[in-house]
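Residue numbering for the sequence shown is -29 to -1, 1 to 300, as defined by mature numbering (1 follows the signal peptide of the UniProt record, and there is no 0).
Backbone N, C-alpha and C fix where the C-beta goes; we use that ideal spot for every residue, glycine too.
Because the structure is a prediction, the values reported are computed rather than measured.
Inspection log for the structure reproduced underneath, given as structure tokens.
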Amino acid sequence: MPVRSSAPSRAIVALVLGCALLFSLAACATGAPKSQPPGSPSTSASTSSTSSAPSTAPPTPESTSPAPTTSAAPTPANQPAVVYLKSVASSAVGEPVDVTVRVETPNPGVPFGDVTLLVNGASYASATLDAEGNATFSVQGLPAGSHTFTGSYAGNLEYVAAQSSDKAITVMTAEEIAAAEAAAEKKKQEEAAAAEKKKQEEAAAAASGNPCPASARACVDLTNNKTWIQEGGQIIYGPVPQIAGREGYRTPPGMFYVGWKNIDHKSSEFNNAPMPYAIFFNGGIAFHQGSTDTPSHGCIRLEKPDAQAYWDLLDVGDAVYVFGQATTY
């Protein structure tokens, strides 16, 4: 007889099967990998480490300031400029006249740009300044008479425009040049005659009260810083300026005689100091060329033309009379 299962038995079997199904579903859920969106980092790496090393680099802060520039500082604008002109003061008809326009600034640097030369107020020509700030023009065809040159600087973004003062020039005919040369020569002769007259007047005044004995060939006045050459008591050269010994090296007064001469003497006592046209008359004391502004160590210093004249007029054995006393140095 077939055995019928009871209702409780079927219920138990159904319960067991349901539990088994639930256990299987749980196992599948825990073993399956989680889905990831495309492009995400893989999570299939070893599970021995559950966290990655933290980053040590701090995030770069955003800056609202503009990046610094590396370009050079701009040249200051509106720098002052000064214009100069250079040319001859006179010229002959038909000769070209060179005129140089120079632009300078009191600040560092050299102005650049263009300049214009104006002749008698009208534009003559323009040129660009060279690296030294110069531009030279050759002016042609100036007629006889007086003319003016003016330099005008155009300026630019760095230097202000500027203009020179007027420079005058006289253009002369051949006849005018000859007349000017004759006038200059006449003036030169008149000045020479006036100088000679003054010299003679001074010599006459000195002769009238000449304290130097007639036997002396050369005389030295220490008090008035003068010296002269005479013949028989009559002055034939001078008086001319001289300077004698300073304090501590005073030139002694008295009558002395020329002992020897050396046209290119060097002082062994004072570090080979030059003593051109040396004429010794008292041991180491001599007439010689030197500055008449600075006292000596005892010698009588003369300007070069006078030293040369004394060299020619004094000979060995001539008497030299020194008198007076230095009071101005």
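For this session: Put residue 171 into one of helix, strand or coil per three-state DSSP.
Result: If you number the sequence shown from 1, residue 171 lands on position 200. Correct three-state label for residue 171: helix.
Exercise. Cα separation between residue 258 and residue 182?
Worked result: As a working note, residue 258 is residue 287 in the sequence shown. As a working note, residue 182 is residue 211 in the sequence shown. Computed Cα separation, rounded: 20 Å.
Problem set entry | Distance between residue 166 and residue 227 (C-alpha atoms, nearest Å) | For this step, residue 227 is matched to residue 256 along the sequence shown. For this step, residue 166 is matched to residue 195 along the sequence shown. Computed Cα separation, rounded: 32 Å.
Problem set entry | Three-state class that DSSP yields for residue 52 in the structure shown | As a working mapping, residue 52 is identified with position 81 in the sequence shown. In the structure shown, residue 52 sits in coil (DSSP, three-state: anything other than H, G, I, E or B).
Problem set entry | Own chain, CB closer than 7 Å to residue 88, minus 5 neighbours either side, in chain order | The residue given as residue 88 occupies position 117 in the sequence shown. Cβ neighbours of residue 88 beyond the five flanking positions: 70, 72, 95, 96, 108, 120, 122.
Exercise. When you compare each of 210, 65, 231, 61 to residue 140 by their alpha carbons, which one comes out closest?
Worked result: For the purposes of this step, residue 140 is taken as residue 169 along the sequence shown, with counting starting at 1. Comparing Cα positions, the closest option is 61.
For this session: With residue 279 as the anchor, note down where its beta strand (DSSP E) starts and where it stops.
Result: Indexing the sequence shown from 1 puts residue 279 at position 308. Note, residue 279: premise wrong, no beta strand (DSSP E); alpha helix (DSSP H) at 275 to 284.
For this session: Starting from the C-beta of residue 240, find all residues in its chain whose C-beta is less than 6 Å away, skip the five residues before and the five after it, and write them out in chain order.
Result: Locating residue 240 in the sequence shown gives position 269, counting from the first residue. For residue 240, where only same-chain residues beyond five positions count, there are no Cβ hits under 6 Å.
Problem set entry | Cα-Cα separation between residue 206 and residue 225, rounded to whole angstroms | Along the sequence shown, one-based indexing puts residue 206 at 235. Along the sequence shown, one-based indexing puts residue 225 at 254. Their Cα atoms are separated by approximately 19 Å.
Exercise. Closest to residue 185 by CA distance: which of 292, 277, 213, 153 is it?
Worked result: Locating residue 185 in the sequence shown gives position 214, counting from the first residue. Of 292, 277, 213, 153, the residue nearest in Cα terms is 292.
Exercise. Using a C-beta cutoff of 9 Å, does residue 50 count as contacting chain C?
Worked result: No chain C appears in the structure shown, which is made up of a single protein chain.
Problem set entry | Spatially closest choice to residue 250 from 235, 49, 243, 84, by CA coordinates | Sequence index remark: in the sequence shown, residue 250 carries index 279 (1-based). Among 235, 49, 243, 84, the Cα nearest to that of residue 250 belongs to 235.
Problem set entry | residue 139, DSSP secondary structure in three states | Along the sequence shown, one-based indexing puts residue 139 at 168. DSSP places residue 139 in strand when its eight states are reduced to three.
Exercise. If we count the other Cβ atoms within 10 Å of its Cβ and call it buried at 16 or more, is residue 51 buried or exposed?
Worked result: Residue mapping note: residue 51 aligns to position 80 of the sequence shown, counting from 1. Under this definition residue 51 is an exposed residue.
Exercise. Mind checking whether residue 84 and residue 127 have CB atoms under 9 Å apart?
Worked result: As a working note, residue 84 is residue 113 in the sequence shown. As a working note, residue 127 is residue 156 in the sequence shown. Closer than 9 Å, so yes.
Problem set entry | Cross-strand partners of residue 116 (DSSP beta bridge) | On the sequence shown, position 145 is the one that residue 116 refers to. Partner(s): 142.
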